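> Structure incoming, see below.
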Amino acid sequence: MKSWYAIRARGTGAEVAIYDEIGAYGVSAKGFLAELGALPEGTPVDLRLNSPGGSVFDAVAIYNALKRHEGTVTVWIDGIAASAASYIAMAGDEIVMPENAFLMIHDPSGLAIGTAGDMRAMAEALDKIAGSLIRGYAAKSGKTDDEIAALMAAETWFDAADAVAAGFADRLAEPVRMAARFDIGRFRNAPPDLVEAVDGTDREGVPTQTEGVPDEGNPETGINTHPETGSIVDGAVEPADGTGEE
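Counting in our numbering, the sequence shown runs from 9 upward without gaps.
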C-alpha cells in the first residue's frame, strides 16, 4: 500500500504530511515519533492532515508527541480529519481549515470476543479512552466535558465554518482539492456529498498547498493491542488473536 506520510525539512521549519489512516495500515505512532524526534529542537512544524482516522492508541501517542514538541505546531486540515485524526488535529497551536474541509468527532467503539468479564473490561476501556478524548477536545474548544460528550455520542461532522464557530479550528483558508481516497461510508452520519467526493477523488493529485510532498514516506507501522481485549481502531476494536479462547 502506498504510504501517504512524510516529514521533510522546509526552510526554517518542517512540513509533516499525514494523508492516510492512523495506525496499522497507515501512519504508525512508532514511525511518526521517531522522525519527529529527529527534528532540531524548537523546529516549527506545519502538519498537513487528511485522514479518516484509525487507531486511537496511535493517535493519542502522536497527539502527545506534538504537544511535547517545543516548536510551534500549525495544523492544516487539507480534506478531512475524522475520528482519531481529529484528535491529532487538536494538538495544534493553530488549526487552519480550508473552506471545503471537514472535521468529525465521535465515541470510540469496539469489538471483543470472550466472556462477560471480557465485555465489561472492553466497556471500561472504552469509557476511559472516551474520557481522554473528551478532555483533549474540550481543552481546544473551550466547551464543557458534557458538551463534548454529547457531540461525540452523536457522531458530529463540522464543515470548516462550523468547526471555527465551535472552537475546534482557528481560521479558514481557501478551498483545496482533496487528494487521498478514503471510505468514509462506514460512518453513520457522514455527509452524502462528502462520501461521494472523497470516494471518487483522483489519488494521483494533492491539494495545492502540498504539491511536491513525497508520497513514499516512512511505511513502518505497528499494531497496538489492548492486552486483554484487542486494539481500538477509529471507533473499532479489533480482537487480539486468541482473545477469549482457551
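Ideal Cβ placement from N, Cα and C applies to all residues, glycine included.
Owing to the predicted nature of the structure, the values given are computational and were not obtained by experimental measurement.
Does the stretch 144-157 come into contact with the stretch 119-128, if we say contact requires no fewer than three beta-carbon pairs (one atom in each stretch) closer than 8 Å?
no
> Give the C-beta separation of A37 and I70 to the nearest angstrom, bearing in mind that I take them to be a contact with Cβ-Cβ under 8 Å.
The residue given as residue 37 occupies position 29 in the sequence shown. The residue given as residue 70 occupies position 62 in the sequence shown. Yes, A37 and I70 are in contact; Cβ-Cβ is about 5 Å, under 8 Å.
> Name the one or two DSSP bridge partners that F110 has.
As a working note, residue 110 is residue 102 in the sequence shown. F110 is bridged to I88 and D167.
> When DSSP labels each residue in this structure, what does L55 get in the three-state scheme?
Within the sequence shown, residue 55 is the residue found at index 47, counting from 1. Strand.
> Inspect the beta-carbon positions of N197 and E163 and report whether they are closer than 7 Å.
The residue labelled residue 197 in the question sits at position 189 within the sequence shown. The residue labelled residue 163 in the question sits at position 155 within the sequence shown. Their beta carbons are under 7 Å apart, which means N197 touches E163 by this criterion.
> Between which two residues does the beta strand (DSSP E) harbouring R179 extend?
In the sequence shown, the residue the question calls residue 179 occupies position 171. First-last of the beta strand (DSSP E) with R179: R179 to A181.
> By how many angstroms is the C-alpha of D167 removed from the C-alpha of L141?
Sequence index remark: in the sequence shown, residue 141 carries index 133 (1-based). Sequence index remark: in the sequence shown, residue 167 carries index 159 (1-based). Computed Cα separation, rounded: 20 Å.
> Output the distance between the C-alpha atoms of A161 and F110, rounded to the nearest integer angstrom.
Mapped onto the sequence shown, residue 161 falls at position 153. Mapped onto the sequence shown, residue 110 falls at position 102. When rounded, the distance between both Cα atoms is 18 Å.
> In this structure, what does DSSP give as the bridge partners for V83?
Taking the first residue of the sequence shown as position 1, residue 83 is located at position 75. In DSSP, V83 forms a bridge with L55 and I103.
> Grab the span of the alpha helix (DSSP H) containing I192 for me, first residue to last.
One-based indexing of the sequence shown puts residue 192 at position 184. Per DSSP, I192 belongs to no alpha helix (DSSP H) and is neither H nor E.
> Spatial neighbours of E78 within its chain, please: C-beta separation below 7 Å, excluding the five flanking residues on both sides.
Numbered from its first residue, the sequence shown carries residue 78 at position 70. These residues qualify, in order along the chain: E49 and G50.
> Do L57 and V83 have their C-beta atoms closer together than 7 Å?
If you number the sequence shown from 1, residue 57 lands on position 49. If you number the sequence shown from 1, residue 83 lands on position 75. A contact, by the Cβ cut-off of 7 Å.
> Going by the CB atoms, is the gap between A89 and A99 shorter than 7 Å?
Locating residue 99 in the sequence shown gives position 91, counting from the first residue. Locating residue 89 in the sequence shown gives position 81, counting from the first residue. Contact: no.
> Quick one: measure Cβ to Cβ for V5 and I137, integer angstroms, because I've assumed they're closer than 8 Å.
Coverage of the chain is limited to positions 9 through 254, which leaves residue 5 absent and any answer about it impossible.
> Taking Cβ to Cβ, would you say V68 is nearer than 7 Å to V24?
Locating residue 68 in the sequence shown gives position 60, counting from the first residue. Locating residue 24 in the sequence shown gives position 16, counting from the first residue. Remark: C-beta atoms of V68 and V24 do not approach each other more closely than 7 Å.
> Based on the DSSP secondary-structure assignment, which residues constitute the bridge partners of G62?
In the sequence shown, counting from the first residue as 1, residue 62 sits at position 54. Its beta-bridge partners are I30.
> Should A22 be labelled buried (16 or more other beta-carbon atoms within 10 Å of its own) or exposed?
Position 14 of the sequence shown, counting from 1, holds the residue named residue 22. Buried, by the Cβ-count rule.
> So, I113 versus A177, is the Cβ gap smaller than 7 Å?
Reading the sequence shown from its first residue, position 105 is the one you call residue 113. Reading the sequence shown from its first residue, position 169 is the one you call residue 177. No, the pair does not count as a contact, with Cβ atoms beyond the cut-off.
> May I ask you to list the residues that DSSP assigns as paired with F35?
Here residue 35 is taken as the residue at index 27 of the sequence shown, counted from 1. Here residue 35 is Val; the residue named in the question, Phe, does not match the sequence. As a beta-bridge residue in DSSP terms, V35 pairs with I30.
> Contact check, A181 vs P106 under 8 Å by CB: the rounded distance?
The count along the sequence shown starts at 1 and reaches residue 181 at position 173. The count along the sequence shown starts at 1 and reaches residue 106 at position 98. The Cβ separation is near 5 Å, so the contact holds.
> For a quick check, are the C-beta atoms of I156 and P60 less than 7 Å apart?
Mapped onto the sequence shown, residue 156 falls at position 148. Mapped onto the sequence shown, residue 60 falls at position 52. P60 is positioned such that its CB atom lies no closer than 7 Å to that of I156.
> Determine the DSSP secondary structure at V203, reduced to helix, strand or coil.
Position 195 of the sequence shown holds residue 203. It is helical.
> Rounded to the nearest angstrom, what separates A174 and D153 at their Cα positions?
Position 166 of the sequence shown, counting from 1, holds the residue named residue 174. Position 145 of the sequence shown, counting from 1, holds the residue named residue 153. Looking at the two C-alpha atoms, the distance is approximately 14 Å.
> Mark A158 as exposed unless 16 or more other C-beta atoms lie within 10 angstroms of its C-beta, in which case mark it buried.
Counting from 1 along the sequence shown, the entry for residue 158 is found at position 150. It is exposed - the Cβ of A158 has fewer than 16 other Cβ atoms within 10 Å.
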